[in-house]
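Residue numbers (mature numbering (1 follows the signal peptide of the UniProt record, and there is no 0)): -31 to -1, 1 to 537.
Below, the structure written as structure tokens:
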């Protein structure tokens, strides 16, 4: 998406709200207002920051700077084709996927390559099949030559075919998809293929596409469409797609929404919180902020390498750890939000918005935090694209009583455009910095998350199996934040049921490789064993990689599953 073609209803002007935190017995929700209910005792998936991504998020020459990206825990971004020709909104071509890959790797982000962005115009100006297939070959060959790049996790074959495909010149899109799919696969049989990347979700269109792709052995590995009208459609669209998948006998695919939010909403933390909440509940694999204006800013999260109001909402999101927990809004419009519970630190975070006036957040399942908790409430405004916001506004920081495992936070004078954050933790305090980092919360490449009752926070990463090719190498990147520069003891929770010692490569901040050895344990998916090593980290954010395979590393031996790392 480039030039705005859809618009949201006008929302109230951004203001900084005044809120108060009260215990359940001191304030209960009335029918005239909205209540968001959070069950902190009901996890439904590990925190993986699925909504922290962006279309054309990065530009060459490290824009935005790493220090603006690391706190966001970017999941996946979509970048233009190698040798990009695209001139988005009149800007010069930029954001070449292979040229920005080193920075994306430094901050733990995966990339999709948007192949038609090798064309200069939008909508794309079709030339001929010979021209297009030659461009496909060039891109694949460029990627295959980039042997030091391992964060490319998808080829996006086309963009918005329901809007940009020239049927008169190029023929039927479904046939064109198969032809392009086969051309990519002739050179690259390994990298996942993403599509169809429609501008809107349409069941009839999707059914026709999936049926043709299925019958011609050209199904995308990752299903993609855009949500550019309203977040109220997300839940129904995902459910419709899953039903369609089943009816056609297609195995479940990961879902990517690699453009979300209207031009009006994209700079408003309140509506954005609603999109992320719905992506999390629907089980979407990744979602990217839509591109409407400038590339290299994660679409308005930064200005001159400083945060806008929207950046802080994604910073709160990036700080989440442990598991996402169930949130229940009153409706698919209005007040909505998402929440996490970190059982190690005993912290509950809720991020919400999308409603004006006095509203309530009712949090249940808090018994593990004790009878008295500290509740901090803060907000961030819709500051626009060019106004820096140096910090969120702390509205209140009070002690509250937990009654029967729950309390209600009252938030008066909310603005529908602002974002809000509630942090709940025991009054006894939490560690001064996050020490334990769950593997399932990390950036995971060519491996998978699994559940286990013996794992810390109930989940772990397994199938870290691949080495020898940058398109399939398996590794886990932990983005960690430490208070001082020093050597830290890093304890690793793991399982290794091979019967022999296994090894991973260890590197941090792009430095030299060393080896971690994992003695055998009793069974796969059964945790309790640990090994320790030392890492010398800088103050602030660092990226620690544990790899079976990775560029510039010869490869690990045997196999091991990862539960967590702990820095002490």
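Each residue gets a CB set at the ideal place from its N, CA and C atoms; glycine is no exception.
request  = With DSSP as the reference, label residue 194 as helix, strand or coil.
outcome  = In the three-state scheme derived from DSSP, where H, G and I count as helix and E and B as strand, residue 194 is classed as strand.
key: Integer-rounded CB distance, given that residue 514 should sit under 8 Å from residue 454   = Going by Cβ atoms, the distance from residue 454 to residue 514 rounds to 19 Å, so no, they are not a contact pair.
task = In the DSSP assignment, find the unbroken alpha helix (DSSP H) run with residue 142 in it and report its ends.
result = 142 to 156
inquiry  = According to DSSP, simplified to helix, strand and coil, what is residue 537?
reply    = coil
Under 8 Å between C-beta atoms of residue 191 and residue 163 = Yes, they are a contact pair.
Residue 51, DSSP secondary structure in three states = coil
task = Reducing DSSP to helix, strand and coil, say where residue 210 ends up.
result = helix
query = DSSP on residue 85, reduced to helix/strand/coil?
reply = Looking at residue 85 - three-state DSSP - the assignment turns out to be helix.
inquiry  = Residues in the same chain with beta-carbon distance under 6 Å from residue 26, minus the five sequence neighbours each way, listed in chain order, please.
reply    = The residues are 46, 267.
Contact the stretch 283 to 290 vs the stretch 15 to 23: 3+ CB pairs below 8 Å = yes
ask   = Sorted by chain position, which residues of the same chain lie with C-beta nearer than 7 Å to residue 434's C-beta, five sequence neighbours on each side aside?
value = 443, 517, 528
query = Where do the N-terminal and C-terminal ends of the beta strand (DSSP E) with residue 293 fall, by residue?
reply = 292 to 297
Contact check, residue 332 vs residue 375, beta carbons under 8 Å = With contacts defined as CB atoms closer than 8 Å, residue 332 and residue 375 qualify as a contacting pair.
inquiry  = Checking 8 Å against the spacing of the C-beta atoms, do residue 214 and residue 167 come in under that value?
reply    = no
ask   = residue 500 and residue 534 look like a contact to me (Cβ under 8 Å); what is the Cβ gap, rounded to whole Å?
value = About 10 Å separates the two Cβ atoms, so there is no contact after all.
task = Just the C-alpha distance for residue 63 and residue 84, rounded to the nearest angstrom, thanks.
result = 14 Å
ask   = What span of residues does the beta strand (DSSP E) with residue 428 cover, start to end?
value = 428 to 431
inquiry  = Using 8 Å as the threshold, is the C-beta distance between residue 463 and residue 512 below it?
reply    = no
ask   = So residue 241 is in the alpha helix (DSSP H); what residue range does that whole segment cover?
value = Judged by DSSP secondary structure, residue 241 falls within the alpha helix (DSSP H) whose first and last residues are 238 to 251.
query = How about residue 54 and residue 89: do their beta carbons lie closer than 8 Å?
reply = If you check the CB distance, residue 54 and residue 89 come in under 8 Å.
ask   = Quick check: the stretch 241 to 260 against the stretch 300 to 311, are there 3 or more CB pairs under 8 Å?
value = yes
message = Considering just the uninterrupted stretch of the alpha helix (DSSP H) at residue 493, what are its terminal residues?
response = Looking at the DSSP string, residue 493 is not in any alpha helix (DSSP H), and its letter there is neither H nor E.
Whole-angstrom distance between residue 246 and residue 103, CA atom to CA atom = 41 Å
inquiry  = Along the chain, where does the alpha helix (DSSP H) containing residue 374 start, and where does it finish?
reply    = Note, residue 374: premise wrong, no alpha helix (DSSP H); not H, not E.
inquiry  = So if DSSP puts residue 285 in a beta bridge, which residue, or which two residues, is it bridged to?
reply    = DSSP lists no partner for residue 285.
Exposed unless 16 or more other CB atoms sit within 10 angstroms - verdict on residue 294 = By the 16-neighbour rule on beta-carbons within 10 angstroms, residue 294 is buried.
query = Is the beta carbon of residue 155 sitting closer than 8 Å to the one on residue 204?
reply = no
request  = Take the Cβ of residue 278 as the centre, count every other Cβ of all protein chains shown within 10 Å, and call the residue buried at 16 or more, exposed below.
outcome  = buried
request  = Could you check how far apart the C-beta atoms of residue 383 and residue 324 are, in whole angstroms? I think they sit under 8 Å.
outcome  = 6 Å
request  = Look at the alpha carbon of residue 510 and the alpha carbon of residue 473, and state the distance between them as a whole number of angstroms.
outcome  = 22 Å
query = Between which two residues does the alpha helix (DSSP H) containing residue 13 stretch?
reply = Premise fails: residue 13 lies in the beta strand (DSSP E), 4 to 15, not in any alpha helix (DSSP H).
Terminal residues of the alpha helix (DSSP H) in which residue 69 lies = 66 to 75 is the span of the alpha helix (DSSP H), which, as asked, contains residue 69.
key: the stretch 404 to 416 touching the stretch 357 to 376, judged by at least three CB pairs closer than 8 Å   = Because the criterion of three Cβ pairs below 8 Å is not met, the stretch 404 to 416 and the stretch 357 to 376 do not touch.
Start-to-end residues for the beta strand (DSSP E) that takes in residue 260 = Careful: residue 260 lies outside any beta strand (DSSP E) and carries neither H nor E.
message = Tell me the residue span of the alpha helix (DSSP H) that contains residue 528.
response = Where residue 528 is concerned, there is no enclosing alpha helix (DSSP H), given that its DSSP letter is neither H nor E.
query = Where residue 391 and residue 302 are concerned, what is the direct C-alpha to C-alpha distance, given to the nearest angstrom?
reply = Straight-line Cα distance between these residues: approximately 21 Å.
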